[in-house]
Each structure stands twice: as structure tokens, then as C-alpha cells.
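This report refers to the structure that appears directly beneath it.
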Amino acid sequence: MSTERTFIAVKPDGVQRGIFPEILRRFQNKGFKLVGIKLTLANESLLREHYSDLQSKPFFPSLLSYMLSGPILATVWEGKDVVKQGRVLLGATNPLQSAPGTIRGDFALDMGRNIIHGSDSVESAEKEISLWFKKEELVEYKPTLHGWI
Ligand code: RTP
245 MSTERTFIAV KPDGVQRGIF PEILRRFQNK GFKLVGIKLT LANESLLREH YSDLQSKPFF
305 PSLLSYMLSG PILATVWEGK DVVKQGRVLL GATNPLQSAP GTIRGDFALD MGRNIIHGSD
365 SVESAEKEIS LWFKKEELVE YKPTLHGWI
């Protein structure tokens with residue numbers, strides 16, 4: 245069993261619209277293990293670090309104000325191929341292209357309000373997890389379903 249981890253953040257619209265329980269349910273039902281969770285308000289320096297590759301994009305200021313507009317539910321999930329599988333559960337970045345059955349496909353209309361973030365590689369996941377969580381905020385445990393999934 246791989247212990248790959250990914251960082252999944254429910255963005256302010258996903259929190260305020262009350263979609264986050266459905267998102268947690270989808271990751272749990274798929275077979276992933278929750279190892280970190282907190283409701284947090286981001287700050288600009290954290291977001292500049294998190295989105296460091298997007299700082300020169302024209303949409304960056306609106307992305308910043310969107311991500312600063314309310315609480316974010318930051319989570320870390322563990323399991324086999326969780327980085328790639330997480331991106332499948334999320335759906336395409338642009339809700340126009342995200343398939344029904346995916347989180348963005350089912351709940352989002354607009355690229356600038358696309359509900360959720362998921363790490364796009366194992367390397368970004370490691371970077372993002374250490375950016376958003378302290379080591380002691382992540383929990384090591386054996387889930388009851390261990391051995392089945
Ligand atoms: P995320 O990081 O949020 O999971 O999204 P992603 O990898 O699928 O997409 P990325 O290219 O990293 O973009 C990050 C977020 O920026 C917003 N965005 N707006 N043209 C636009 O208006 C535009 N492009 C990207 C989205 O909220 C996207 O999720």
C-alpha cells in the first residue's frame with residue numbers, strides 16, 4: 245500500500261456554499277484516508293508561495309482576492325495514487341470542461357469559482373502540505389478498513 249499524500253483545499257466558495265461535506269464524502273468513499281484537516285483563513289504571503297508559478301498571470305489578482313474572501317478547508321489525504329486520483333475526482337480546472345460526476349463538473353460554473361484545489365504532482369503535494377500544515381497537525385493511524393481498501 246502506497247502512502248502517497250495529496251493536498252486538497254476546499255476554496256472559499258466550496259466552504260460558504262456548504263459543499264465541503266460532499267467533497268469529504270467523495271474522498272472517503274473512494275478509499276482515501278484523511279490525515280489532516282483544518283478550517284483556515286489564508287494570508288497573501290502563503291497564497292503567493294502556494295501559487296508561485298501563477299504570479300505573472302493576468303488573473304492572479306482576482307485569484308488572490310477569491311482565495312482571501314473566506315475560510316478554506318485545508319485537507320491532506322493518503323492512499324494509492326491519491327495525487328492523480330484526486331485530480332480525477334476534482335475534474336478539469338475549467339468547469340466548462342469538467343465532466344458530470346466530478347466535483348467541479350457537478351458544482352461549478354466558473355473557472356474563477358471552481359470550488360476546490362488539488363495538488364498536481366507528488367512533488368507539489370509535498371511542498372503544499374508543508375506549506376499549509378505543521379508536521380504535528382498530520383495524524384498517523386491505522387484505519388478500521390485497513391486491509392479492505
Ligand atoms: P488548482 O491549483 O486550484 O487546483 O487549479 P489547477 O491546478 O487546476 O489550475 P491552475 O492553472 O494551477 O490555476 C489555479 C487556479 O487559478 C484560477 N484560474 N483562473 N484564466 C483564468 O481566469 C484562470 N485560470 C486559472 C482557478 O481558480 C484555478 O483553479
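Our numbering puts the first residue of the sequence shown at 245, with every later residue one more than the last. Idealized CB from N, CA, C, for every residue including glycine.
Spatially closest choice to residue i from the options, by CA coordinates
i	options	result
Ile393	Ser313, Lys277 and Glu266	Lys277
Tyr273	Lys378, Gly323 and Lys301	The amino acid occupying residue 273 in the given sequence is Asn; Tyr does not appear at that position. Comparing Cα positions, the closest option is Gly323.
Val383	Val279, Gly262 and Arg261	Val279
Leu353	Lys386, Gly345 and Asn338	Asn338
Ser296	Pro387, Lys378, Lys386 and Lys371	Lys371
Gly391	Glu367, Pro344, Gly275 and Ser300	Gly275
Arg270	Gln341, Val332, Ser342 and Leu340	Val332
Beta-carbon proximity list for residue i, same chain, < 6 Å, skipping 5 on both sides
i	result
Arg357	Asp257
Val254	Phe264, Ile267, Leu317 and Ile360
Ala336	Ser342
Cβ pair residue i, residue j closer than 7 Å
i	j	result
Leu285	Leu308	no
Gly330	Thr247	no
Ile373	Val320	yes
Leu375	Glu288	no
Phe304	Leu298	yes
Chain-order list of residues whose beta-carbon lies under 8 Å from that of residue i (same chain, five-residue window excluded)
i	result
Glu381	Gly280 and Lys282
Cβ shell of residue i (< 7 Å), same chain only, five flanking positions each side left out
i	result
Leu334	Thr346, Ile347, Arg348, Ile360 and Gly362
Phe351	Ile263 and Ile359
Gly314	Pro256, Val259 and Gln260
Ser306	Gly356
Met245	Because Met245 sits at a pLDDT of 42, beneath the cut-off of 50, its placement in the model cannot be relied upon, and the following sentence gives the value as read from the coordinates. Within the same chain, Met245 has close Cβ partners Lys324.
Inset, instruction - Counting only runs of 4+ residues fully inside the stretch 246-328, write out the alpha helix (DSSP H) ranges in chain order. - result: Entirely contained in the stretch 246-328, the alpha helix (DSSP H) runs reaching 4 residues are, in chain order, 256-260, 264-274, 288-294 and 304-311.
Inset, instruction - Could you name each continuous alpha helix (DSSP H) segment of 4 residues or more that falls completely within the stretch 326-389, going from the start of the chain to the end? - result: With a minimum length of 4 residues, the continuous alpha helix (DSSP H) runs that stay inside the stretch 326-389 are 326-334, 347-351 and 366-376.
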